[in-house]
Amino acid sequence: MATLIRSKLSNKLSNAATAVSNKSQAKVSGMFAKMGFQAATNEEAVGFAACDDLDYDHRQGMQMDILTSDEVGGEGSADGLEGDSHYQRDGTGPPRSASKDGGPTNELTEVRPKITAWEAGWNVTNAIQGMFVLGLPYAILHGGYLGLFLIIFAAVVCCYTGKILIACLYEEDEDGQLVRVRDSYVDIANACCAPRFPSLGGHIVNVAQIIELVMTCILYVVVSGNLMYNSFPNMPISQKSWAIIATVALLPCAFLKNLKAVSKFSLLCTMAHFVINILVIAYCLSRARDWAWDKVKFYIDVKKFPISIGIIVFSYTSQIFLPSLEGNMSKPSEFHCMMNWTHIAACILKGLFALVAYLTWADETKEVITDNLPPTIRAVVNIFLVAKALLSYPLPFFAAVEVLEKSFFQDGGRAFFPDCYGGDGRLKSWGLSLRCILVVFTLLMAIYVPHFALLMGLTGSLTGAGLCFLLPSLFHLKLLWRKLLWHQVFFDVAIFVIGGICSVSGFIHSIEGLIEAFKYNIED
-12 MATLIRSKLS
-2 NKLSNAATAV
8 SNKSQAKVSG
18 MFAKMGFQAA
28 TNEEAVGFAA
38 CDDLDYDHRQ
48 GMQMDILTSD
58 EVGGEGSADG
68 LEGDSHYQRD
78 GTGPPRSASK
88 DGGPTNELTE
98 VRPKITAWEA
108 GWNVTNAIQG
118 MFVLGLPYAI
128 LHGGYLGLFL
138 IIFAAVVCCY
148 TGKILIACLY
158 EEDEDGQLVR
168 VRDSYVDIAN
178 ACCAPRFPSL
188 GGHIVNVAQI
198 IELVMTCILY
208 VVVSGNLMYN
218 SFPNMPISQK
228 SWAIIATVAL
238 LPCAFLKNLK
248 AVSKFSLLCT
258 MAHFVINILV
268 IAYCLSRARD
278 WAWDKVKFYI
288 DVKKFPISIG
298 IIVFSYTSQI
308 FLPSLEGNMS
318 KPSEFHCMMN
328 WTHIAACILK
338 GLFALVAYLT
348 WADETKEVIT
358 DNLPPTIRAV
368 VNIFLVAKAL
378 LSYPLPFFAA
388 VEVLEKSFFQ
398 DGGRAFFPDC
408 YGGDGRLKSW
418 GLSLRCILVV
428 FTLLMAIYVP
438 HFALLMGLTG
448 SLTGAGLCFL
458 LPSLFHLKLL
468 WRKLLWHQVF
478 FDVAIFVIGG
488 ICSVSGFIHS
498 IEGLIEAFKY
508 NIED
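Have a look at this one:
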């Protein structure tokens, strides 16, 4: 009897010790997993930018694979580590898991640091009030008062299409509550093309995004060469040579793995740009007595005004990263209010900047307005702008590289080419060569077509109008047409038609101008 009691007590103590040990191991494992995941999160938290978000998705997606593989079958999977559709590269992963009690998802859905509406507004402001505002006075030159009207009209339309694009991310559940079922512009496009062509829409959006990002890189090289040439006209260095010098300084971009170091300068660059805008406006106001109000007409230059439309539209492009921005907001309900005040502010500032700059120089307004400044002021302002352009170049470049790598090299079994990265995570030599080729390509385009306004108008007409006007209105009609009111349908159709007309006309005239410029440079 004593032996039996002693045996039972021994078994119970052994079972209790084993249970405590298992729980301790599970807690320690979960703690280390969470600490490791958070460390990766903090390492990549470099402030918001569209390309930083792509880098974040890639690296966190890899971390998700590690965590899920380590936790399969253990208590970690019971804690909600099954996976998250946001981290699946093509959006085909399982839906976000919920806790057993029906509550919200746990730590994995909260790994990203949330941002306030003010921080989100600052990011949108950076996107729509960058250095490409310098081309708006040139748009007024060819459009007059109609150009000012288009600055206001584009702000209203882009604000509206940004809102309806976010609406396409949500669907109602059985209780009538809105649930976020999509995470990106690509997910929306794929949903619209399903079930016949489930990936066609995503490919179209990716192509448009790559074109816009690469053209943005080219514009940075063009504007750098232009600004340096006009800052030091007496030096025996041509604009093409300045563009080559700028590209040499940009070659280290090919070695970038993330944008943490570069992003530290983003706030300083933005503040410097605002200071430069204030200096230009202050100089224009000092010459207010000489303003040429009679030069602002209601007529338009039929041949060049369509290019101005592309310039204006391009200055408002931000839709491509709005889904990610809204998903990172601590209060997504404030997204509409944020879009309203950012676009109202952009409209006022852009309109005033373009008008006072044009009134100051009238018919002598140049493609980049700082080239009109006196030589002493121009050199200082342009050097700051060149520094901003060179520091801004890595952002679209890295984003374009990420999209290309994910589409052609890292798309699972559907990839066209082998992975650019080795097993240790290092970039392979041929992957580095592809990045260098992309940098050289932006240089060649900048050399043979060194026209800031033409390139900006082409990009705005081709991808800007498509991503900001055409696709959001089309997707809104396709996904939510049964729930739309008649005036919403009217707005969507009107925006689609107007956007299509502006896009086609601007694209045709920009191509004609680029062909002429290309022939001239070849002959030269």
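For the sequence shown, the numbering used here assigns the number -12 to the initial residue and increments by one for each residue that follows.
Virtual Cβ for every residue (Gly too), placed ideally from N, Cα, C.
What you are looking at is a predicted structure, and each value in this text was computed from that prediction instead of being measured.
Within the model, the alpha-carbon separation for Lys353 versus Lys375 is close to 20 Å. Under the three-state reduction of DSSP, Leu243 is assigned to coil, being neither helix nor strand. Sixteen is the threshold: since fewer than 16 other Cβ atoms of the shown chains lie within 10 Å of the Cβ of Lys470, the residue is exposed.
Here Gly163 is exposed. Its C-beta has fewer than 16 other C-beta atoms within 10 Å. Taking the C-beta atoms as reference points, Ile498 is found no nearer than 9 Å to Ala230. Cβ neighbours of Cys146 within its own chain (closer than 6 Å, five residues either side excluded): Met326 and His330. For Leu165, the beta-bridge partners assigned by DSSP are Glu159. The beta carbon of His496 is closer than 6 Å to those of Pro293 and Ile294 in its chain, skipping five residues each way along the sequence. No Cβ-Cβ contact shorter than 9 Å links Gly149 with Leu336. Our two residues, Arg276 and Ala269, have alpha carbons roughly 13 Å apart in a direct line. Counting along the chain, no alpha helix (DSSP H) covers Gly122, and no H or E run does either. Within its own chain, the residues whose Cβ lies closer than 7 Å to the Cβ of Met432, once the five positions on either side in sequence are excluded, are Ile205, listed in chain order. Rounded to whole angstroms, the separation of the alpha carbons of Val173 and Val192 is 6 Å.
Taking the Cβ atoms as the reference, Ser305 lies roughly 16 Å from Leu123, outside the contact range of under 8 Å.
Annotation for Asn327: the continuous alpha helix (DSSP H) segment containing it runs Phe322 to Trp348. For the set Phe136, Trp278 and Glu392, the Cα lying nearest the Cα of Asp350 is the one of Trp278. Here Ile102 carries a strand assignment [DSSP, helix/strand/coil]. Secondary structure of Met222 (DSSP, three-state): coil. Distance between Ile197 and Pro220, taken at the CA atoms: about 34 Å. Counted as a single uninterrupted DSSP element, the stretch harbouring Arg276 is not any alpha helix (DSSP H), since DSSP gives it neither H nor E.
For Ala141 against Val300, the beta-carbon gap comes to about 6 Å, under 8 Å, which counts as contact. Each residue's CA atom was taken as its position, placing Gly314 and Asp170 some 7 Å apart.
Contact between the stretch 172 to 189 and the stretch 369 to 383 is absent, with fewer than three C-beta pairs closer than 8 Å. Burial check for Val390: the Cβ neighbour count within 10 Å reaches 16 or more, so the residue is buried. DSSP lists Ile102 as the bridge partner or partners of Met316. Distance from Ile151 to Pro459 at the Cβ level is roughly 6 Å; contact confirmed, criterion being Cβ atoms closer than 8 Å. Take Thr203, set aside five residues on each side of it, and the residues of its chain with a beta-carbon closer than 6 Å to its own are Pro383, in chain order.
Distance from the CA atom of Asn359 to the CA atom of Ile127, rounded to whole angstroms, is 15 Å.
Secondary structure within the stretch 431 to 474: the alpha helix (DSSP H) runs of 4 or more consecutive residues, fully enclosed, are 439 to 446 and 458 to 467 (chain order). Classified as buried, Ile482 has 16 or more neighbouring CB atoms from the shown chains inside 10 Å of its CB.
Between Ala387 and Val201, the gap from beta carbon to beta carbon is short of 9 Å. Annotated as proximal: Gly297 and Leu445, with beta-carbon spacing under 9 Å.
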